[in-house]
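See structure below.
In the working numbering, the protein residues as written are 11 to 301.
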């Protein structure tokens, strides 16, 4: 049986959950799958290694050492990539990525990979400039996971919701004017509620997003609600409370390389979707047909 080692953090994030953990847990009868945080620390030699974004979790120098270790031992690796590796200066993680040399780590991992998996053609074109062996592996939903069972909990007013993290401050900001109009419209009183899911604590970015969802705090009490953040095994339950899911994205290179996972999740949970007319959503959602 082929030995496959997955490089992943002990506490996986959403990307690793969808693109590494769930797919390969479902393949344990076909492959000898193991998870590790460092390939060079294994007591056995895997036949194949798969990692997301970078081949090492421990910084730039470790990344180069892992690449050399894999080359020396003739171990092929697949790099799974779900985002563009160059962050704009207005991205919340820009400085952190710069300090950690993340773009350099990811690029080195791309160049030396036997194959690179990506989520869409836009990102594939970026990767092909550095590695010609690129395969598009779209995101998908595993309906056997409890959180993706249909369990609608909405009634009464229409719940308009968004679920995400602080990396989407600029994306959410484009909704502020629309929410100002919504919260000022007296004819809609008692007919809607705005839900912001993923709230964890009052950091500046969370408050900025709340400002957008409340139309600069114009929302009448009871018309806006925070839903606390949960782990990757339960976050899709946020959609149980939504009638309409919002998927705002600023039109830029970084966002154009993203996948349409949010819209996919919302649809899987029975929500209507309102998304920005930009890639990746305008490939999935065609007005009058699928949206």
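Every residue gets a Cβ at the ideal spot worked out from N, C-alpha and C, and that includes glycine.
Check                                                                                                                                                              : Outcome
For my contact list, residue 126 and residue 143 are in at a C-beta cut-off of 8 Å; report their separation, rounded to the angstrom.                              : 7 Å
Take residue 236 and list the residues in its own chain whose beta-carbon comes closer than 6 Å to its own, dropping the five residues that flank it on each side. : 206 and 209
By a C-beta neighbour count over all protein chains shown, 10 Å radius and 16 as the cutoff for buried, is residue 181 buried or exposed?                          : buried
When you compare only the Cα positions, how much space is there between residue 107 and residue 113?                                                               : 7 Å
Round the Cβ separation of residue 170 and residue 256 to the nearest angstrom and send it over; I've been treating them as touching at under 8 Å.                 : 7 Å
Residue 77: beta carbon under 7 Å from a heavy atom of the ligand ZN?                                                                                              : The ligand ZN is absent from the structure shown, which contains no ligand whatsoever.
So the beta strand (DSSP E) residue 45 belongs to, where does it begin and stop?                                                                                   : 42-46
What does residue 206 pair with, by DSSP beta-bridge criteria?                                                                                                     : 172 and 236
Spell out whether any CB of chain C is found under 8 Å from the CB atom of residue 273.                                                                            : Of the chains in the structure shown, none is chain C; there is only one protein chain.
Are the beta-carbon atoms of residue 58 and residue 88 separated by less than 8 Å?                                                                                 : yes
DSSP puts residue 185 in a beta bridge; with which residues?                                                                                                       : Note: residue 185 sits in no beta bridge, so no partner.
Taking C-beta to C-beta, are residue 16 and residue 60 nearer than 8 Å?                                                                                            : yes
By how many angstroms is the C-alpha of residue 211 removed from the C-alpha of residue 6?                                                                         : The question about residue 6 has no answer here: the residues shown for the chain are numbered 11 through 301.
What residue does the beta strand (DSSP E) around residue 145 start on, and which one ends it?                                                                     : 144-146
Distance check for residue 137 and residue 189, CA to CA, integer angstroms please.                                                                                : 38 Å
Can you list, in chain order, the residues of its chain whose CB lies under 8 Å from that of residue 55, leaving out five sequence neighbours each side?           : 13, 83 and 85
Would the beta-carbon of residue 291 fall within 8 Å of that of residue 282?                                                                                       : no
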